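*Asks:*
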Amino acid sequence: MALDLRLSQVRTGVAAMRQNCNYQLGTTKLGRKRGLIIGMFVCVCCQWEEVSIMDEKNIPIRTYQVCNVMEPSQSNWLRTDWIPRSGAQRIYVEIKFTLRDCNSLPGVTGTCKETFNLYYYESNNDREHYIRESNFLKIDTVAADESFTQVDIGDRIMKLNTEVRNVKVTTRKGFYLAFQDVGACIALISVRVFYKTCPLSIRNLATFPDTNTGADTSSLVEVRGSCVNQSEEREEPKMYCGADGEWLVPIGGCVCNPGYEEKGGVIKFIYIALLTSADISKCCTETQPKTPNKPPSAPQQLISEVNETSVVLEWSAPLRLGGRTDIRYSSYPGNVLFSPQQSGLGATRVCVSELQAHTRYTFTIGARNGVSQGHTARARESVSVTLTTNQAAPSPVTSIQASDVTRHDVSLAWQQPDRANGVILEYEVKYYEKNQKERSYRIMKTASRSADITGLNPLTVYVFHVRARTAAGYGEFSAPFEFSTNSDPLPLIGNAANSTLLLLSISGGVVLLLISTTVFIISHRRGQYSKAKQDLEEEKHLNPGVRIYVDPFTYEDPDQAVHEFAKEIDASNIHIEKVIGIGEFGEVCSGCLRLQGKREIYVAIKSLKAGYTDKQRRDFLSEASIMGQFDHPNIIRLEGVVTRCKPVMIITEYMENGSLNTFLRKHDGQFTVIQLVGMLRGIVSGMKYLSDMSYVHRDLAARNILVNSNLVCKVSDFGLSRVLEDESEAAYTTQIPIRWTAPEAIAYRKFTPASDTWSYGVVMWEVMSYGERPYWDMSNQDVIKAIDEGYRLPPPMDCPVCLHQLMLDCWQRDRIHRPSFTQILNILDKLIRNPTTTLRRTGGERPVPTLLEPVGGPEFVSVWSVEYWLQAIGMDMYRDTLTAAGYTSPDSLLTLTQQDMASIGIVTPSHQDQILASVQQVLLSHMQQIEEQMQDSMVPV
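Following UniProt numbering from start to finish, the sequence shown increments by one per residue and tops out at 941.
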């Protein structure tokens, strides 16, 4: 069927800007994006109509709408005009739309849909007037996160959805986009198309040009750099342009020519005091500019992207630089926050924040060079853009005060947020007992800037947070505000003499405790340190309740192993519905399993292809023999096997969301850190179970983790152990997943639970980077070489410091220094229980003092700080870990052992040794002072 064209509206796409303007070097970031033009929308004689509507603010907007929900089998197409590819290899489509809830439409049961389809078609010709539907390739089915009802229409509440999809476009000069309605009530508000680039960069005195990212979401584009003026190659300079527009893995570089030096990234003359007149004349001749210097022309192609009350501005360099390279940019107006800075910008990008909501701004970008002084005609050297900021939630509430505090009540009052960004509709007060943290809290709402809280417990510390709501939604909660309810005064115990005696008794007890503890630590520390790792490794063997894995290859008859560990299922009970993939041995399908007396369940079915050999059948069924021995909520469950008829099949539970890496890429940026940590917790729980059964997985990777509809992650794919067992060296290096495998396993085939720990660290990195390919497009040999030279993957974007530190611990070169899965599980549990303090920090900013002497004397316990002690010994990264475990004062450290540290997440032996040695040194110094004081106070007989 051909599409009959009808000319409609022209929409132009603009560049999509990154949402977080403040990012750190070395992390995974959003790259620069350039806009493409979306041409004219065309429609066949269908139900799509171009309609003007009013938004919530009674501002007219143009939309495309369709709402033919009464008739079944709808197929209404709307497509764009031809869009030039402009060298992009992967394009991104951002769609903003609203959609009607089918339940709010009476009488449309079975015909109404709540999705639409997105297609594309590549073409070299911008004049194709007839394109058949069958020629379009599907990108995805798009669903709404929020739908509106008839009530929403009456209240003028527009529930806007924003979805982004991407697709590879590399074979033609341009492409068309098409939207297929299948029976929904929908309105398209806007469509933007963009691609990503790595911006012009100078690294190691080499210039790397503006480069389009690769065609795949995990690809790297190798770019060779060129040396800047007055420098020459030391080693071929090159970098890799990542899929998100970030330059990665700089290699090689340039060095200054003789007579020049590098200062602040710029090559300058080396001035020598004694020069002859001939030298001076030669120098002046060589440095004379070939062309007169002039001020630059105005910057080009200024584009903007508004995100609530912030805006990102990007532009291109001036067409004429005036014969100079020292171009700097300045932006106007003032009284707002510019990042990285307002003037003297070397880059062609700036983020502006702290703007007023619903306000019209005009921004001017000016270019200057070293001879711009005296040339004040700003219009010749600048370019402007005018925009209006969006609706935004209010800023956090500040200045909370409490009054009229009693045993059970308190009155709170606060100031309006500094930036209300609209009319405050109400305030929300959240409060809870401090010792309960946020596990159990209560909410109170009020329309005024005060609240009377009742029903509190006496003599209890409470924590309060307040936030404001406008039509744009809730703002962030305020910083915690604490206060304690009142109670009757506590009675004094005894008189002054008894109190003095009690204090003396306590002091004597503390001295005896210090002496005994120090002796205990000195006598046992060395033995405990040397045995701790061995005890952790042998713990599961000492537990008689843990089952041990049985290798099915020890059975002479493979069918005996299968029937011992797996249940035989009659093939008539299996109903195959569709093919969902291709496995190593045959097709993978989904379908239903119907067993007598049990409810029907949805399952995945692996089948062995026809023409198999006896070895292939044995290898195929060995995975079922392995899987059938496991019973854990985070291990894929085996339902049974079919071996008595053909085809031979393995039946497992069905995981709706497929493999973890694909699932994360599809939902990039849509989860909170605590949700990602929850996924990691499920994976390590399953790996702990396997480790306790003495099973080594050997192929732990995000692609081998399956995700169900409840986001539960389960370890799968237990076939690699049989593949690597008896392979030749060539086959072994081909089969082994280099990027996920520990160095000792690559070099010596030494697979242990510790090598699985290394792989788990890579899985952590995959999860926190939303399925990015480890080490990107580096070759396997480059990966092996980089790891051997000490290179480790950098933290993904917004990855908390504690999680990346845990990854680095998993990647310790010496396998005995890596944490066990039991230790990792304990660490993640502590992070989940206290996320506000452990998962918030994404970088260390506090300065560490260079020297701090331990304080002796009787006042030791009161003046010595655990925090400053950790800073002094360079172990500040464990401040939150020790605090969360209750080690908040010097006396709490007296009984600290290596096993205690391992249980709370301090698993690196060198770090344990340094902490224990420091504690011992301070205690010995203190005990020596006590002993000297006791000797001085003794009276000779």
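Yeah, the Cβ is synthetic: ideal placement off N, Cα and C, and Gly gets one too.
Since the structure is predicted, the reported quantities are computational estimates derived from the model, not experimental observations.
Once the 5 residues before and after Gly-905 are set aside, which same chain residues still bring their CB inside 6 Å of it?
*Replies:* For Gly-905, where only same-chain residues beyond five positions count, the Cβ hits under 6 Å are Ile-827 and Thr-881.
*Asks:* Just to confirm, is the Cβ distance from Tyr-427 to Arg-469 under 9 Å?
*Replies:* Yes, the Cβ-Cβ distance between Tyr-427 and Arg-469 is below 9 Å.
*Asks:* Measure the C-alpha to C-alpha separation of Gly-581 and Ile-626 and round it to an integer number of angstroms.
*Replies:* One C-alpha to the other measures close to 22 Å.
*Asks:* Would you give the residue range spanned by the alpha helix (DSSP H) that residue 944 belongs to?
*Replies:* The requested residue 944 does not occur in the structure, where the chain is confined to residues 1 to 941.
*Asks:* Grouping DSSP H, G and I as helix and E and B as strand, with all else coil, what is Cys-645?
*Replies:* Correct three-state label for Cys-645: coil.
*Asks:* Starting from the C-beta of residue 944, find all residues in its chain whose C-beta is less than 7 Å away, skip the five residues before and the five after it, and write them out in chain order.
*Replies:* Since the displayed the chain opens at 1 and closes at 941, residue 944 lies outside it and no answer follows.
*Asks:* Closest by CA to Asp-570, which one among Glu-577, Cys-592 and Phe-585?
*Replies:* Cα-wise, what sits closest to Asp-570 is Cys-592.
*Asks:* Taking Tyr-474 as the reference, which of Glu-482, Phe-553 and Gln-391 has the closest Cα?
*Replies:* Comparing Cα-Cα distances from Tyr-474 to each of Glu-482, Phe-553 and Gln-391, the minimum goes to Gln-391.
*Asks:* If I measure Cβ to Cβ from Gly-678 and keep anything under 8 Å in the same chain, skipping five residues before and after, which residues do I get?
*Replies:* Counting only Cβ-Cβ distances below 8 Å, and skipping sequence neighbours, we find Leu-711 and Ile-832.
*Asks:* Buried or exposed: Pro-72, going by 16 or more other Cβ atoms within 10 Å of its Cβ?
*Replies:* Exposed, by the Cβ-count rule.
*Asks:* Cutting at 6 Å between CB atoms, please list the residues of its own chain near Trp-740, excluding the five before and the five after it.
*Replies:* So the list reads Ala-701, Ser-759 and Val-762, once near-sequence residues are dropped.
*Asks:* Measure the C-alpha to C-alpha separation of Thr-757 and Thr-63 and round it to an integer number of angstroms.
*Replies:* Approximately 53 Å, taken between the alpha carbons.
*Asks:* Using three-state DSSP, classify Leu-882 as helix, strand or coil.
*Replies:* Of the three classes helix, strand and coil, the one that applies to Leu-882 here is helix, per DSSP.
*Asks:* Leaving out five residues on either side along the sequence, give the residues of the same chain with a beta carbon under 8 Å from the beta carbon of residue 952.
*Replies:* Given that the chain is displayed from residue 1 to residue 941, the structure contains no residue 952 and the question cannot be resolved.
*Asks:* Specify the secondary structure class of Pro-106 as computed by DSSP and reduced to three states.
*Replies:* Three-state DSSP puts Pro-106 in coil, outside helix and strand.
*Asks:* Within the same chain, show all residues whose beta-carbon is closer than 7 Å to that of His-817, passing over the 5 residues directly before and after it, in chain order.
*Replies:* Cβ neighbours of His-817 beyond the five flanking positions: Thr-908 and Pro-909.
*Asks:* Leaving out the 5 sequence neighbours to the left and right, which residues in its chain are closer than 6 Å to Asn-76 when beta-carbon positions are compared?
*Replies:* Closer than 6 Å at the Cβ level, and outside the excluded window around Asn-76, lie Cys-46, Gln-47, Trp-48, Val-66 and Asp-181.
*Asks:* How should Ile-202 be labelled, buried or exposed, when 16 other C-beta atoms within 10 angstroms of its C-beta is the threshold for buried?
*Replies:* Classification of Ile-202: exposed, given that the 10 Å Cβ count is below 16.
*Asks:* Looking at C-alpha atoms only, which residue of Ser-448, Ser-403 and Thr-115 is the closest neighbour of Val-423?
*Replies:* The residue with the shortest Cα to Cα distance from Val-423 is Ser-448.
*Asks:* Can at least three beta-carbon pairs, one atom from the region 247 to 262 and one from the region 225 to 238, be found at a separation below 8 Å?
*Replies:* The region 247 to 262, when compared against the region 225 to 238, does touch it at the 8 Å Cβ threshold.
*Asks:* Could you give the first and the last residue of the continuous alpha helix (DSSP H) run that contains His-408?
*Replies:* Segment: none, His-408 is in no alpha helix (DSSP H) and carries neither H nor E.
*Asks:* Give the list of continuous beta strand (DSSP E) stretches no shorter than 3 residues that lie fully inside the region 603 to 661.
*Replies:* Those beta strand (DSSP E) runs which fall completely within the region 603 to 661 and span 3+ residues are 638 to 642 and 649 to 653.
*Asks:* Using the three-state DSSP reduction, which class does Phe-136 fall into: helix, strand or coil?
*Replies:* Looking at Phe-136 - three-state DSSP - the assignment turns out to be coil, as it is neither helix nor strand.
*Asks:* Hey, quick one: how far does the alpha helix (DSSP H) through Asn-161 stretch, first residue to last?
*Replies:* Where Asn-161 is concerned, there is no enclosing alpha helix (DSSP H), although the beta strand (DSSP E) it sits in stretches over 161 to 168.
*Asks:* Terminal residues of the continuous beta strand (DSSP E) containing Ser-190?
*Replies:* Ser-190 -> beta strand (DSSP E) spans 185 to 198.
*Asks:* Whole angstroms are fine: how far does the CA of Arg-792 sit from the CA of Ala-786?
*Replies:* Their Cα atoms are separated by approximately 8 Å.
*Asks:* Specify, as a first and last residue, the run of the alpha helix (DSSP H) that Tyr-760 falls within.
*Replies:* That run of the alpha helix (DSSP H) goes 753 to 768.
*Asks:* Give the DSSP-derived three-state secondary structure of Pro-201 in the structure shown.
*Replies:* Here residue 201 turns out to be Ser, not Pro, going by the sequence shown. Strand.
*Asks:* Do Trp-82 and Asp-145 come within 9 Å of each other at the CB atom, strictly closer than that value?
*Replies:* In this structure, Trp-82 does not lie closer than 9 Å to Asp-145 by Cβ.
*Asks:* Locate the alpha helix (DSSP H) running through His-804, then write down its first and last residues.
*Replies:* Segment 801 to 810, the alpha helix (DSSP H) holding His-804.
*Asks:* So, with DSSP's three-state summary, where would you put His-911?
*Replies:* His-911: helix per DSSP, three-state reduction.
*Asks:* Where does Glu-128 sit, in a helix, a strand or coil, going by DSSP?
*Replies:* It is coil, neither helix nor strand.
*Asks:* Go ahead and label Met-70 buried or exposed: buried means 16 or more other beta carbons lie within 10 angstroms of its beta carbon, across all protein chains shown.
*Replies:* Answer is exposed; the Cβ neighbour count stays below 16.
*Asks:* Taking Cβ to Cβ, would you say Glu-482 is nearer than 9 Å to Phe-464?
*Replies:* Contact flag set, yes.
*Asks:* With distance defined between alpha-carbon atoms, name the residue in Leu-345, Asn-293 and Pro-340 nearest to Ala-317.
*Replies:* It is Leu-345 whose Cα lies nearest to the Cα of Ala-317.
*Asks:* In the DSSP assignment, find the alpha helix (DSSP H) that holds Arg-833 and state where it starts and stops.
*Replies:* Looking at the DSSP string, the run of the alpha helix (DSSP H) that includes Arg-833 is 821 to 833.
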